[in-house]
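Colleague: Residue numbers (the numbering used here), protein chains in the order written: chain A, 33 to 349; chain B, 1066 to 1322.
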Amino acid sequence: MPLAYNEISRRTRERDRSLREKVMSLDEAAALVPDGAWVGIGGSTLSRTPMAMVWALIRARRRDLVCARGISSSEGELLFAAGVSRHLITSWFSLGIVWGVSRIMRAYTESNRARFEEWSHMAMGMRFRAGAMAVPFLPMRSMLGSDVIAQLPEAKAIDCPFTGEKLVLVPALNPDFALIHVQRCDAYGNAQIDGLPFMDLDLALAANQVILTTERIVSNDQIRRRPDHTKIPFFAVEAVVEAPFGCAPHECYGVYEPLFDHLDRYAAALKPDAEQGIRDYLDHYFFEPKSWTEYLDRIGLPDLLDAARRGKSIYDD
Amino acid sequence: MTTDAAPYTASELLAVMSARLLRDGQVVFAGVGVPLLAATLAQRLHGPGLTILFEGGTIGAYVEPGQLPPSTNEQRCTRRANMVLGSTDVLLLLQRGYVDVGFMGGAQIDQYGNLNSSFIGSPQHPATRLPGTGGGNDIASLTQMIVAMKHEKRRFVEQVDFVTSPGFLTGGNSRHDSGLVAGGMFRVVTDLGLLGFDEHSRRMTLLALHPGVTAAEVQANTGFELPTAPGLPTTEPPTENELSVLRHLDPDRLYTA
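(1) Taking beta-carbon pairs under 8 Å, can you tell me which members of the segment 111-143 of chain A lie near chain B?
(2) Taking the alpha-carbon of A/Cys192 as reference, which of A/Leu35, A/Pro171, A/Ala210 has the nearest alpha-carbon?
(3) Beta carbon of A/Ile212, beta carbon of A/Gly74: below 7 Å?
(4) Check the Cβ of A/Tyr285 against every Cβ in chain B and list those closer than 7 Å, keeping chain order.
(5) State the start and end residues of the unbroken alpha helix (DSSP H) segment that holds B/Thr1153.
(6) Taking just the CA atoms, how far does A/Thr77 sit from B/Met1169?
(7) Closest Cβ-Cβ distance between B/Arg1109 and chain A: below 7 Å?
(8) Can you tell me whether A/Cys279 is helix, strand or coil according to DSSP?
(9) Inspect the beta-carbon positions of A/Ala204 and A/Gly163 and report whether they are closer than 7 Å.
(10) Could you tell me if B/Lys1218 is buried or exposed, where buried requires 16 or more neighbouring beta carbons within 10 angstroms of its beta carbon?
(11) Roughly how many whole angstroms lie between the Cα atoms of A/Asp293 and A/Asp335?
(12) Rounded C-beta distance between A/Leu120 and A/Glu142? I'm assuming under 8 Å.
(13) Output needed for B/Ala1070: all residues of its chain with C-beta closer than 7 Å, excluding positions within five of it in sequence on either side, in chain order.
(14) Using CA atoms only, rank isn't needed, just tell me which of B/Gly1232, B/Leu1086, B/Thr1270, B/His1216 is closest to B/Gly1393.
(15) Mapping DSSP to helix, strand and coil, what is B/Ala1095?
(16) Using a Cβ-Cβ cut-off of less than 9 Å, list which residues of the segment 1195-1208 of chain B approach chain A; keep chain order.
(17) If we define contact as Cβ-Cβ less than 7 Å, is B/Ile1211 a contact residue for chain A?
(18) Report the option in A/Ser123, A/Gly115, A/Val116, A/Leu201 whose CA atom is closest to the CA atom of A/Pro34.
(19) For the candidate residues B/Thr1293, B/Leu1291, B/Val1097, B/Gly1197, whose alpha-carbon lies nearest to that of B/Val1228?
(20) Could you check the C-alpha separation between B/Gln1224 and B/Gly1171 for me, to the nearest Å?
(21) What is the rounded straight-line gap between the Cα of B/Glu1077 and the Cα of A/Met231?
(22) Would B/Ser1187 pass as an interface residue toward chain A - the criterion being a Cβ-Cβ separation below 7 Å?
(23) When you compare the CB of B/Glu1120 with every CB in chain A, is at least one pair closer than 7 Å?
(24) So does the segment 1253-1262 of chain B actually touch the segment 1180-1191 of chain B, counting three or more Cβ pairs closer than 8 Å?
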């Protein structure tokens, strides 16, 4: 059920929305998110995935997070396998088409250990948009006639009161938290996004609180020089964490492309025994490192540099 | 199937035959894999004015040779594009009616062109949980569709286990009656031939065979009775030029293995 409007308003009113510095560590930001929280994840597939925050929540041994993302990839596999989430609301869920169907998604959903609640991609977007608009639903014209809507008691097919046409109403999604990674923001949380914005603008406003991770923290003067690049306003943001290569091994537009060799190795490691493979991966990359820097160190300089060269090349033409 | 001596793979044949269906000046919403590749191929071969949209939020993509993206959501999709925008907004362009052709791959299709990419078996106890709709349901619901897929009996079934992306549902007017007033299945391209849909019954029909393929072979690889168009034509084999441009675009055989 969508949240009642007075509940959404109350939560917003009660937050400290003043202009204040919010810079903190990954651990401090992870501590803001309680067990059982609803968490919207920014980016899409292998792009601008807030991996550093996912990493921190997994290390903090968070439980029963209900996660929502437009399209989900390895971050969803890791959240399932680490026991952080048993419920992912998304439109598509696998590492990526070139690596085939996710063995972790299959293992967890087919044994009912976790739920993959499937909405169409546009429906995910309309749900975040309704959340951002603080209306309980939005109408749309896809999903009619399909079995996708048949699995979703929350989606309602109606006859339009104006035209009599059949429409689908999708309920607002107002997550407790949005985890969004950006190229740069200031200490207040004014966030600038380069390239594909995905659903992050709606997600940021739909969520009660935004936890930003950023490639770098810049001065407020820098933000004010290009206000047209600012996509998330500071008052929606609760935490700012500087996390260079914060999407690795996924991409951050214009900064680094996906670390393809690393993803190939990850997929290969999960081939013989997916669940053992991902447990070993979690141990090596998530639980054993003492810091995000050590995580990056284990990923390795050659892969990071190669991805950075490819990432920045978009501005070379 | 193509003969042993055939100088192209099944995926290459699929990409070339799909590319030929796209016309210059169209606006095509392309999914990842063969559709993305075939749309890019069409752009390079005969459609410099073909506008490619990706659900990651790209309008007017112009994918670089050898730089194929791993999905439609990475920066590679935006090279030389006209515009980037939110995923919700690019999907809404389908609903707004700006897209001429939706172009997707498929895991399982039935005689009415319904696509399944969600569950093999029942949703409650699936034998296989598949990756899901992504934008597939939106594209298939809102625009005219071309589907490119391998022609195998397990993929061409009488009735899909789950309608992820609607074709003509149960045939006749059922799609329209369900509220899907725009779009519908137009063509299915496979490595064996070209298929369309009967105007009234909305059942799948064999329209053309690829070189060296017989109608009996297509039927043998199809899990339902497949009517045949009168005077069944044979498609022209891929040309040297088509194949060479295709191989230039996908030198690592990411999508054409």
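In this text, a Cβ means the ideal position worked out from N, Cα and C, and glycines have one as well.
Keep in mind it's a predicted model, so treat the numbers as computed, not measured.
Modeller: Taking the geometry as given:
(1) Thr122, Ser123, Trp124, Phe125, Ser126, Gly128, Ile129, Val130, Val133, Ser134, Met137, Arg138, Thr141, Glu142
(2) One-based indexing of the first sequence puts residue 192 of chain A at position 160. The residue with the shortest Cα to Cα distance from A/Cys192 is A/Pro171.
(3) Residue mapping note: residue 212 of chain A aligns to position 180 of the first sequence, counting from 1. Residue mapping note: residue 74 of chain A aligns to position 42 of the first sequence, counting from 1. Their beta carbons are under 7 Å apart, which means A/Ile212 touches A/Gly74 by this criterion.
(4) Here residue 285 of chain A refers to the residue found at position 253 when the first sequence is read from its first residue. Here the neighbours are Gln1140.
(5) Numbered from its first residue, the second sequence carries residue 1153 of chain B at position 88. Residues 1152-1161.
(6) Position 104 of the second sequence, counting from 1, holds the residue named residue 1169 of chain B. Position 45 of the first sequence, counting from 1, holds the residue named residue 77 of chain A. Each residue's Cα considered, the two are about 18 Å apart.
(7) The residue you call residue 1109 of chain B lines up with position 44 of the second sequence. Closer than 7 Å: no.
(8) Here the question's residue 279 of chain A lines up with position 247 in the first sequence. Coil at A/Cys279, not helix or strand.
(9) Taking the first residue of the first sequence as 1, we reach residue 204 of chain A at position 172. Taking the first residue of the first sequence as 1, we reach residue 163 of chain A at position 131. Yes; because the gap between Cβ atoms is below 7 Å, this pair is in contact.
(10) What you label residue 1218 of chain B is simply residue 153 of the second sequence in a count that begins at 1. By the 10 Å Cβ count, B/Lys1218 comes out exposed.
(11) The sequence position of residue 293 of chain A within the first sequence is 261, counting from 1. The sequence position of residue 335 of chain A within the first sequence is 303, counting from 1. Distance between the alpha carbons of A/Asp293 and A/Asp335: 7 Å.
(12) Walking along the first sequence from the start, residue 120 of chain A turns up at place 88. Walking along the first sequence from the start, residue 142 of chain A turns up at place 110. Going by Cβ atoms, the distance from A/Leu120 to A/Glu142 rounds to 14 Å, so no, they are not a contact pair.
(13) Translated into positions along the second sequence, residue 1070 of chain B becomes position 5. Bear in mind that the predicted position of B/Ala1070 carries a pLDDT of just 47, short of 50, making it unreliable; the figure below should be weighed with that in mind. There are no such residues.
(14) This structure does not reach residue 1393 of chain B, given that chain B is present from 1066 up to 1322, and the question cannot be answered.
(15) Position 30 of the second sequence, counted from the first residue, corresponds to residue 1095 of chain B. In this structure, B/Ala1095 counts as strand in the three-state DSSP scheme.
(16) Leu1195, Pro1196, Gly1197, Thr1198, Gly1199, Gly1200, Gly1201, Asn1202, Asp1203, Ile1204, Ala1205, Ser1206, Leu1207
(17) Position 146 of the second sequence holds residue 1211 of chain B. Not one chain A Cβ lies under 7 Å of B/Ile1211.
(18) Within the first sequence, numbered from 1, the residue matching residue 34 of chain A stands at position 2. When each option's Cα is compared against that of A/Pro34, the closest is A/Leu201.
(19) In the second sequence, the residue the question calls residue 1228 of chain B occupies position 163. B/Val1228 has its Cα closest to that of B/Gly1197, out of B/Thr1293, B/Leu1291, B/Val1097, B/Gly1197.
(20) The count along the second sequence starts at 1 and reaches residue 1224 of chain B at position 159. The count along the second sequence starts at 1 and reaches residue 1171 of chain B at position 106. About 14 Å.
(21) In the second sequence, counting from the first residue as 1, residue 1077 of chain B sits at position 12. In the first sequence, counting from the first residue as 1, residue 231 of chain A sits at position 199. Going by the C-alpha atoms only, they are around 34 Å apart.
(22) As a working note, residue 1187 of chain B is residue 122 in the second sequence. No, B/Ser1187 does not count as interfacial toward chain A.
(23) The residue you call residue 1120 of chain B lines up with position 55 of the second sequence. Judged by the 7 Å Cβ criterion, B/Glu1120 is in contact with chain A.
(24) Here the segment 1253-1262 of chain B does not lie against the segment 1180-1191 of chain B, with fewer than 3 beta-carbon pairs under 8 Å apart.
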